[in-house]
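Residue numbers (the numbering used here): 9 to 145.
What follows is one structure encoded as structure tokens, with my remarks underneath.
If you want it as structure tokens, here you go:
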């Protein structure tokens, strides 16, 4: 079985890709950031007039990412409990890891998903955290 998934509740992708794709027994989510649906608002981010980050709150952003992941999964009748693996991209590991990890643990400790956390120089929009998720179909 192969199916592309676009969901009404999640923020629109910033490129030519679906929110998720089902392949066999797995759901592969595209990168999920903290944006809000139907707007350019990024929770926990303050931008200047040139849309450059003035400051940000990684705790608020991480909560928003988790909520967006949850929304996508729930649109397919799934939940965070179905998550198998999470790849996390942070733009500032030294500054943000401890806070990010606290929020992540609140939602994922009992699930037991595997995780890789990577620091990146930038993400496609002015955000500090993004998740790439694989779940059970």
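Ideal Cβ placement from N, Cα and C applies to all residues, glycine included.
Check, Outcome
"Residue 113 versus residue 133: straight-line alpha-carbon distance, rounded", "25 Å"
"Counterpart residues of residue 63 in DSSP-defined beta bridges", "54"
"Coil, strand or helix - residue 48 by DSSP", "coil"
"Straight-line Cα distance separating residue 49 from residue 89", "28 Å"
"Identified DSSP bridge partners for residue 92", "Bridge partners of residue 92: none, in fact."
"Per-residue DSSP class, three states only, for residue 86", "coil"
"Buried or exposed (CB count within 10 angstroms, at least 16 for buried), residue 72", "buried"
"Residue from 121, 41 and 92 with nearest C-alpha to residue 33", "92"
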